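Accompanying notes for the structure given below.
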Amino acid sequence: MNDNGYVRPELVCPAGTPAALRTAVDAGADAVYCGLQNETNARNFPGLNFTPAELETAIGYAHARNAKVLLAVNTFPRAGEFAMWRDAVDLGAKLNADALIVADLGVADYAAATHPNLRLHLSVQAGASSPEAIRYYCGQFGVKRVVLPRILTVAEIADLHSQIPCEIEAFVFGNIGMMAEGRCSLTNYVCGVSTNMDGVCSPAADVHYEEDAERNLTTRLGRYVIDRFSAEESAGYPTICKGRYLCKARNEPYYAFEEPVTLNLSALLPDLMRAGVTALKIEGRQRSRAYVRAVVSAFRKAVDDIMAGREASLASLVALTEGQRETQGAYRSKTWR
Amino acid sequence: MRNTAAEVTLGPCLFNWKPEAWRDFYFRIADEAPVGTVYLGEVICSKRAPLFDEHCGAVVDRLRAAGKTVVYSTLSEVTQAIDRKLIEAVASRQDGLVEANDGAALPYLQGRAHHIGPFINVYNERSVTVLARDGARNFCLPVELPAASVGALCRATQDLDVTFEVLVFGRMPLALSARCYHARAHGRTKDSCRFVCEEDADGLELRTLSGQPFLAVNGVQTLSHDFLNLIDRLKVLRDMGVSRFRLSPHSCDMVRVATAFRGLLDGTITACEAAEALIGLNLPGPFSNGFYHGKAALSRGPHEGRAAGLQ
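As you go down the protein sequences, you meet chains A and B in turn.
Note that our numbering gives residue 488 to position 323 of the first sequence, counting from 1, and the numbers run on in steps of one.
Note that our numbering gives residue 220 to position 178 of the second sequence, counting from 1, and the numbers run on in steps of one.
As structure tokens, then:
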């Protein structure tokens, strides 16, 4: 802890591709997280992620620059299909990944039993939000860090910190789903592919845009209309939990779950750093290198400023948020709920 | 193949019914429904739990007197201290089995027999093994696990002393959130909700902008608009090794639903008769095969359901 009462947090940044990984490391990431090109990770999108050879090179690049690589193996294998997850865990161990990010009880158990020296982080997909649940994972599998679900206030995080034997990683910026992580089957309901089992959310292959004569744009996922935008509005990607719907309690269409906004906790950074958060996580493995560079650089500077007792400025980040609209989500106050 | 007797079970009521209606529902289940196990407890919102306290003892007594096994279900999500307290209170009960629906319940249950509910992610044999080590004996599987994987799971765990349960009737639980969508629909927040969820006995319907029925909101939970109905898959699931078939309570005639499922298991009625018995329940949504085939529940289920004469 420094004189200002802060523990220097690790900045954990997304890497959807080897190029993004190098960009994040060069921009000041303390750690990057990434996944393999299959359903073993929760961002199993076309064109993203790493081959085993790319992962090996990437780990070498990061380690040479004092950055860590965290391998996400954070989906839930179906019965009888455990081998792919087992191979991913073994590969992470073999290539000296600095930690594996796991969610499934079975995957965690396999990793702990087979590679006792491999550091385990509990993925946000495990949905462990209480001291009891987190202590369970620590006791069972020796988990060293929990990535917290985005459902707690900063005060609740501070309270939690004193009650668990592991580090806390918290999301500070990026796209937020509205549902508790690891507990959402909405994509599967509409598209037939599962977020938990296949690592897919609102797949691009099922997205359709239709423009009418007045240039109103309708967005669909599968057969279902998710939102409709007038020519003046900027259209969002059709994610079920950010769509507009009709219900008997409302006269007008409304965002039944959440508006298309981006989580931006830059204003709460000092509070989070005092709450005992060890690692600050930036979402966005699906985002471009330019985005990664801008966000990582801005957060690098902000963390360094706060540690040095300077005012942190993150105003430039607003331009990168979805529709230039941001939220502090659950973190600021209970009224969000 | 496990040689466990097949049982129809009644899952926890997911909705905020009036306490007297809740009590009377369970009294009738006790007296008339051919179910073996009844899961009791508030699974969705800790604010609702005290509403049922005054009737809980009488309901438990009546169910047990009728020969039912009562299993206490825990809350499915923890955000606040009140949620933790509720989980502790339920998971610490010694007067019956407990079904864990969140990892927060697991430490209280280690070392004694318990159930794992559908809100804990158990998709594979190694997860079952981990939990069975600590005393888990029955697993109600996540609703999205397709039948092929259910079968694989049953086969891969034959050496373990565990049973499997699947949801076969009712709106499908699809998501949980920290935010209350019932309150949001009415311009309120979770803290200021004034229990507006009590207005919708089977959930609050959401339609798309083109008017298609889509989802149903139940407090912090999102459910399918369609009703899962796997009565025509009962035998296949039974042959795979599933021994418990869970009905999720709705405002329709659940005794009739339970009687149809039980009758088909016993062979006292045919599959056709069982399916016909479920017609005319006056449900607020069509039937669906859900995730049974591992395909999109919504796009395929309802049509198949109609083709099978279920709607």
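From the three backbone atoms N, C-alpha and C, an ideal C-beta is built for every residue, glycine too.
Treat the numbers as computed from the prediction; the structure is a model and nothing was measured.
Asked	Found
For residue 321 of chain B, count neighbouring Cβ atoms within 10 angstroms of its own Cβ and tell me buried if that reaches 16, exposed if not.	exposed
May I ask you to verify whether the segment 63 to 82 of chain B touches the segment 99 to 107 of chain B, counting CB pairs closer than 8 Å and requiring at least 3?	yes
Identify every residue that forms a DSSP beta bridge with residue 247 of chain B.	B:258
Report buried or exposed for residue 107 of chain B, applying the criterion of at least 16 other Cβ atoms within 10 angstroms of its Cβ.	exposed
Determine, for residue 228 of chain B, whether the minimum Cβ-Cβ distance to residues of chain A falls below 7 Å.	yes
Just to make sure I have the definition right: I need the residues of chain A whose C-beta is within less than 8 Å of the C-beta of residue 231 of chain B. Which are they?	499, 500, 501 and 502
Under three-state DSSP, which class holds residue 228 of chain B?	coil
At 3 residues or longer, and completely inside the segment 272 to 312 of chain A: list those beta strand (DSSP E) runs for me, N to C.	285 to 287 and 310 to 312
In terms of DSSP beta bridges, what is residue 157 of chain B paired with?	B:141 and B:180
Based on the DSSP secondary-structure assignment, which residues constitute the bridge partners of residue 465 of chain A?	BP columns for residue 465 of chain A are empty, so no partner.
Taking the alpha-carbon positions, what's the residue 352 of chain A to residue 358 of chain A distance?	7 Å
Which same chain residues, not among the five before or five after residue 427 of chain B, have their C-beta less than 6 Å away from its C-beta?	Here chain B has residues from 43 to 353 only, and residue 427 of chain B is not among them.
Give me the Cα-Cα distance between residue 64 of chain B and residue 161 of chain B, rounded to the nearest whole angstrom.	22 Å
What does the alpha-carbon distance come out to for the pair residue 440 of chain A and residue 194 of chain B?	44 Å
Rounded to whole angstroms, what's the CA-CA distance from residue 332 of chain A to residue 311 of chain A? Just pull it up for me.	6 Å
Considering only the beta carbon of each residue, do residue 200 of chain A and residue 237 of chain A sit closer than 7 Å?	yes
For residue 135 of chain B, does the three-state DSSP call read helix, strand or coil?	coil
Using the C-alpha atoms, what's the distance from residue 246 of chain A back to residue 197 of chain B?	13 Å
Taking only beta-carbon atoms, is residue 351 of chain A less than 7 Å away from chain B?	yes
Of the residues that make up the segment 414 to 442 of chain A, which ones have a beta carbon closer than 7 Å to any beta carbon in chain B?	414, 415, 418, 421 and 422
Residue 334 of chain B: buried (16+ other C-beta within 10 angstroms of its C-beta) or exposed?	buried
So residue 335 of chain A is in the beta strand (DSSP E); what residue range does that whole segment cover?	332 to 340
Ordered along the chain, which non-local residues of its own chain (more than five positions away) have a Cβ less than 6 Å from that of residue 244 of chain B?	292, 293 and 326
Using 8 Å as the Cβ pair cut-off and three pairs as the minimum, do the segment 254 to 265 of chain B and the segment 300 to 316 of chain B touch?	no
So, at 8 Å on beta carbons, what are the nonlocal neighbours of residue 228 of chain A in its own chain, with the 5 sequence-adjacent residues on each side left out?	234 and 261
Residue 498 of chain A: buried (16+ other C-beta within 10 angstroms of its C-beta) or exposed?	exposed
Compare the C-beta of residue 248 of chain B with all C-beta atoms of chain A and state if any pair is closer than 7 Å.	yes
Assuming residue 77 of chain B and residue 110 of chain B make a contact with CB atoms under 8 Å, what is their CB distance in whole Å?	7 Å
Terminal residues of the continuous alpha helix (DSSP H) containing residue 257 of chain A?	248 to 259
Alpha carbon to alpha carbon, how far is residue 386 of chain A from residue 360 of chain A?	15 Å
Please report the distance separating the alpha-carbon of residue 209 of chain A from that of residue 451 of chain A.	10 Å
What in chain B is Cβ-close to residue 361 of chain A, meaning under 9 Å?	163, 165, 184 and 186
Per DSSP, residue 244 of chain A forms a beta bridge with which residues?	Per DSSP, none; premise fails for residue 244 of chain A.
Is any beta-carbon of chain B found at less than 7 Å from that of residue 201 of chain A?	no
Looking at residue 220 of chain B and residue 412 of chain A, is the spacing between their C-beta atoms short of 7 Å?	no
CB-CB under 8 Å to residue 303 of chain B, same chain, minus the five flanking residues each way: which ones, in chain order?	50, 210, 211, 273, 276, 287, 289 and 316
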